[in-house]
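Counting from 0, one number per residue, gives the positions in the sequence shown under numbering that gives the first Met the number 0. No residue lacks a Cβ here, since even glycine has one placed at the ideal position from N, Cα and C. A quick note: this is a predicted structure, and the numbers were derived from the prediction, not measured. Data block below; observations after.
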Amino acid sequence: MKKHRNLPFFVPFAGCPFRCAFCDQERITGRCDPTPEEELSSLDRMLAICGDISDTENQIAFFGGSFTNLPRERMERLLRRANDWIDRGVAGSVRVSTRPDCIDRDVLALLRKYRVTDVELGVQSMDDRVLSASGRGHTADDTRRAASLLREEGFRFAGQMMLGLPSSTPASEIATAEEICALGASEARIYPTVVFAGTALYRETLAGRYVPLDDLTAAVRAANCMEIFLAHGVQVLKVGLQASEGLAGAPFGPRDGSIGELAAGMLYAKRAVEAVGTECLAGKRLTVFVPPKDLSKLTGHGGIAKEAIRDSLRPAELFIRTDASVRPFLPVCRVD
Ligand code: SF4
């Protein structure tokens, strides 16, 4: 089976009715609002470069704004051009990201006409207090309505959620992940909140009214949500924002571009501890086996995840080894 690959094209803030308290798409994506001609030629350039890849199942992806709330002319202009490239065999379909309150049957009919098959919903939280404190301007019920319309109209959808938003708690994040699964999402993205200069959240942080998560807390909370998605067969596409200069330059919050690796490491650590259970490891040697591609998740980041296992179980010696027969996120533990 060919590997899926998004060909991402960013439309920063396009269609957004206002700016959410945490959002700075220009810094996240590194692009500004272009003219229609610039926009189409930059889409052409991106697709011409990426179109060469023949061993992947490509999907043209419009990210970074509220695509379904774009002025109709701009939305159709982009979709028409994307469909020209689909006709040339560069991609098979289109995905878009948008807000839950910008989905209705009319816009879904338009998306279907232009071969959009996947919609990424900016859920962020299913707690209305968190949505309100983050200036989202929609409610959890809007997400429920949007998800149900997407299901009825036969679209796949991905739920994007955030960690550490104002008023958010570990419990509200877990409830959000669980509800995204219950609503029928096939994929998810988890974004720890990063504070970008110039945003409302930045001013709240400077005033001491908002305290950002640190890297480790964000990783642990992400690991808990990943576990829920895994249990429901919802594929986690990404944890954390894409590494970029804008992200690295953010003044506060978990801005490490590899936070997803650390989160995966913390999930391995949690599951290794659970696998050993209550057995006393004093004076014993513990070896944890993980798939080869995941070794760095436990040993990277200064070995934080490995140390979490040591702190919990206190073996005399601890080794992390690879074994190709071990399944992802199901570490095998040997005590001797
Ligand atoms: S979070 Fe989404 S809806 Fe809010 S301003 Fe950013 S791109 Fe627009």
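Please report the residue range of the beta strand (DSSP E) in which residue i lies.
| i | result |
| --- | --- |
| residue 235 | 234–238 |
| residue 332 | 331–334 |
| residue 318 | 316–321 |
Consult DSSP for residue i and reduce its assignment to one of helix, strand or coil.
| i | result |
| --- | --- |
| residue 66 | helix |
| residue 116 | strand |
| residue 12 | coil |
| residue 342 | Absent from the model: residue 342. The displayed extent of the chain is 0 to 335, so no value can be given. |
| residue 74 | helix |
| residue 191 | strand |
| residue 166 | coil |
| residue 349 | Nothing about residue 349 can be reported from this structure: the residues present for the chain run from 0 to 335 only. |
| residue 264 | helix |
| residue 94 | strand |
| residue 184 | coil |
| residue 158 | strand |
| residue 17 | coil |
| residue 259 | helix |
| residue 219 | helix |
| residue 254 | coil |
| residue 272 | helix |
Please name the residue, chosen from the options, that lies closest to residue i on a Cα-to-Cα basis.
| i | options | result |
| --- | --- | --- |
| residue 19 | 201, 118, 145 and 34 | 201 |
| residue 120 | 126, 143 and 134 | 143 |
| residue 247 | 230, 193, 278 and 203 | 193 |
| residue 108 | 81, 189 and 67 | 67 |
| residue 332 | 276, 97 and 146 | 276 |
| residue 316 | 328, 34, 12 and 282 | 282 |
| residue 6 | 43, 35 and 191 | 43 |
| residue 230 | 217, 186 and 301 | 186 |
| residue 103 | 21, 147, 11 and 232 | 147 |
| residue 183 | 208, 152, 308 and 289 | 152 |
| residue 11 | 21, 33, 4 and 3 | 33 |
| residue 292 | 323, 267 and 269 | 323 |
| residue 298 | 327, 269 and 260 | 260 |
| residue 96 | 87, 79, 205 and 14 | 14 |
Thinking C-beta only, is residue j closer than 9 Å to residue i?
| i | j | result |
| --- | --- | --- |
| residue 158 | residue 122 | yes |
| residue 189 | residue 262 | yes |
| residue 175 | residue 125 | yes |
| residue 160 | residue 224 | yes |
| residue 367 | residue 81 | Outside the shown range of the chain, which is 0 to 335, sits residue 367, and nothing can be said about it. |
| residue 210 | residue 221 | no |
| residue 195 | residue 23 | yes |
| residue 242 | residue 264 | no |
| residue 150 | residue 116 | no |
| residue 59 | residue 89 | yes |
| residue 233 | residue 180 | yes |
| residue 163 | residue 240 | no |
| residue 9 | residue 61 | yes |
Where do the N-terminal and C-terminal ends of the alpha helix (DSSP H) with residue i fall, by residue?
| i | result |
| --- | --- |
| residue 338 | As shown, the chain starts at 0 and ends at 335. That puts residue 338 outside it, with no answer to give. |
| residue 38 | 35–49 |
| residue 243 | Here residue 243 belongs to no alpha helix (DSSP H), and DSSP marks it neither H nor E. |
| residue 209 | Run containing residue 209: none; DSSP gives neither H nor E here. |
| residue 54 | Element bounds for residue 54: n/a, residue is neither H nor E. |
| residue 298 | 294–298 |
| residue 305 | 303–312 |
| residue 146 | 139–151 |
What residues in its chain sit with their C-beta under 8 Å from that of residue i, if we drop five residues either side in the sequence?
| i | result |
| --- | --- |
| residue 137 | 98, 99, 100 and 130 |
| residue 169 | 220 and 223 |
By Cβ distance, which residues of its chain are closer than 7 Å to residue i, with the 5 residues on each side in sequence left out?
| i | result |
| --- | --- |
| residue 312 | 272, 275, 280 and 285 |
Please return the same chain residues whose Cβ sits closer than 6 Å to the Cβ of residue i, not counting the five positions on each side in sequence.
| i | result |
| --- | --- |
| residue 132 | 165 and 166 |
| residue 300 | 261 |
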